[in-house]
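Chains as they are written, first to last, in this note's numbering: chain Y, 999 to 1109; chain G, 386 to 498.
Down below is the structure, laid out as structure tokens.
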Amino acid sequence: QKEVEQDPGPLSVPEGAIVSLNCTYSNSAFQYFMWYRQYSRKGPELLMYTYSSGNKEDGRFTAQVDKSSKYISLFIRDSQPSDSATYLCATTNSGNTPLVFGKGTRLSVIA
Amino acid sequence: DAMVIQNPRYQVTQFGKPVTLSCSQTLNHNVMYWYQQKSSQAPKLLFHYYDKDFNNEADTPDNFQSRRPNTSFCFLDIRSPGLGDAAMYLCATSRPDRKETQYFGPGTRLLVL
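See the structure below:
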């Protein structure tokens, strides 16, 4: 079993839709959970960061972590064409463990 | 603006011909990373530096080497590129106490003919 599983999509939604992106992970020691956004032909950029379980909201974006089920989610409200990108989940624990990335979900928001 | 810069953005090389990719940063971060990302795959960490301390991932092929002459610059050397090394190579930086917050460059797309 891979450490982080993420449905690669592609996911296509109309403008204004609520988008739900999800990952599962296998290592219960993971404590830090990130969502990176990667536009075409660009490097990833950190979008959201959550420590341990719970929700975190930033504008139209909400990150959710459920450690009991090892499930992480990113919700995008009122999606815009500019949200069209690949969204990578990532996780790690403290110490020297590197980030473990999911494969990314490619999202297209259609105007 | 503080940033991570990678050159070149696109690199074409021949099978077996050594190639060097470069990365520079103005963030003054201690930690620098090199990732390999193939199409529709997760970025794969090749190695990272904590200052000059080099850390190689166990499954990184010997064909890949790196140099960090100073805080700002880091190089990725591919000694004998094979067709399977065609990929996007991403450089990233972070503070040592904030590895979850990594700043990525735009990447270098390598094509091996």
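C-beta: ideal position from N, C-alpha, C; glycine also.
Since the model is a prediction, treat every value here as computed from it, not as a measurement.
- With a threshold of 8 Å between beta carbons, Y:Glu1043 makes contact with chain G.
- The alpha-carbon of G:Arg453 is positioned some 11 Å away from that of G:Asp462.
- Against chain Y, a Cβ distance below 7 Å from G:Phe489 picks out Gly1041, Pro1042 and Glu1043.
- Taken in chain order, the members of the region 1019–1032 of chain Y whose beta-carbon sits within less than 8 Å of a beta-carbon on chain G are Tyr1030 and Met1032.
- Judged by beta-carbon spacing, Y:Ile1074 lies beyond the 8 Å limit of Y:Gln1062, meaning their Cβ atoms are not closer than that value.
- Pairing G:Pro393 with G:Met473, the inter-Cα distance amounts to about 11 Å.
- DSSP places Y:Gln1062 in the uninterrupted beta strand (DSSP E) bounded by Phe1059 to Asp1064.
- Burial is judged here by how many other beta carbons sit within 10 angstroms of a residue's own beta carbon; G:Phe439 has fewer than 16 and is exposed.
- G:Ser407 is positioned such that its CB atom lies closer than 8 Å to that of G:Gln391.
- With contacts defined by Cβ atoms closer than 8 Å, Y:Thr1103 and Y:Gly1041 do not form a contacting pair.
- Look at the region 429–482 of chain G and you find these whole runs of beta strand (DSSP E), each 3 residues long or longer: 429–435, 438–441, 449–452, 458–463 and 472–479.
- In this structure, the CA atom of Y:Glu1003 is about 28 Å from the CA atom of G:Leu496.
- Contact of Y:Gly1102 with chain G is assigned, a C-beta pair being separated by under 8 Å.
- For Y:Thr1060, not one C-beta of chain G is nearer than 8 Å to its own C-beta.
- Secondary structure within the region 1012–1050 of chain Y: the beta strand (DSSP E) runs of 3 or more consecutive residues, fully enclosed, are 1017–1023, 1030–1036 and 1043–1049 (chain order).
- The beta carbon of G:Ser425 sits closer than 8 Å to some beta carbon of chain Y.
- At a cut-off of 8 Å, the C-beta of G:Leu406 has no neighbouring C-beta in chain Y.
- Beta-bridge analysis with DSSP links Y:Arg1104 to Y:Thr1084.
- Think of a sphere of 8 Å around the beta carbon of G:Gly492: the chain Y residues whose beta carbon falls inside it are Arg1039, Lys1040 and Gly1041, in chain order.
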